[in-house]
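Under our numbering, think of the first position of the sequence shown as 27, with each following residue one higher. Written below as structure tokens is the structure these notes are about.
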Amino acid sequence: MVRIGIIGAAGLSGRELLYLMESHDEASVELLTSSKYQGKKVNDVFPELTGYNQVFQPNDIKVTGCDLVFLAIPNQASLERVPNLLEQGVRVIDLSGAFRLRDKEVFSKFYKLSHSAPELLEEAVFGLPEYFKRKLPSKTGCKSRMLCYRALRGLLPLGITWKIRSAP
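The structure is reproduced here in structure tokens:
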């Protein structure tokens with residue numbers, strides 16, 4: 027059983043993760059955070075999610091007891107959290123754009139932020155693991171996923187192919 031944490035669980039991406047994790051047999055959601063709803067019960071905020079009796083913790087809580095943490099928080103917040111989580115040995119799936127681009131200059135140009143952990147850019151992996159699992163390294167500590175993931179995923183079964191190139 028993989029112990030999961032979701033930082034930013036009450037936002038759009040985080041709430042979708044809550045829905046997906048509710049029926050996942052091999053995952054146990056141990057930590058849920060929200061800056062807006064901290065201290066409130068998950069099923070009081072989202073009554074349709076009946077599988078959660080946890081209380082939302084603050085986003086800056088120290089992560090313990092998790093094997094894997096999803097970050098569903100803004101880029102700047104992810105830049106601050108990822109290095110510490112990796113130091114603790116926690117695997118990270120970051121839904122922000124903080125680790126999508128390998129070139130810190132390009133990152134700064136597009137996100138209007140200075141990358142505070144450029145040493146992690148080379149080891150971060152960006153991908154669609156459901157379709158490209160064999161091509162993704164299994165030992166990486168930080169993975170980044172794009173928000174338009176569902177749209178791309180929907181095209182793949184149709185046999186639509188395109189040339190995949192590395193991000194700058």
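Where a beta carbon is used, it is the ideal one built from N, C-alpha and C, also for glycine.
- The continuous alpha helix (DSSP H) containing glycine 40 extends over residues 38-48.
- Per the Cβ contact rule, the segment 31-43 is in contact with the segment 65-82 (3 or more Cβ pairs under 8 Å).
- The closest CA to that of valine 151, considering only Arg128, Thr59, Thr90, Asp86, is found on Arg128.
- A straight line joining the alpha-carbon of proline 84 with that of glycine 37 spans about 13 Å.
- In the DSSP assignment, threonine 59 is bridged to Gln83.
- Two segments are said to touch when three or more pairs of C-beta atoms, one from each, lie closer than 8 Å; by this definition the segment 126-140 does not touch the segment 44-58.
- Judged by DSSP secondary structure, valine 28 falls within the beta strand (DSSP E) whose first and last residues are 28-33.
- Taking 8 Å as the cut-off, the Cβ atoms of leucine 146 and proline 109 count as close.
- Straight across, the Cα-Cα distance linking threonine 59 with isoleucine 99 is about 10 Å.
- Going by DSSP, aspartate 120 is part of the beta strand (DSSP E) stretching over 117-120.
- By the C-beta density criterion, histidine 141 is buried, having at least 16 other C-beta atoms within 10 angstroms.
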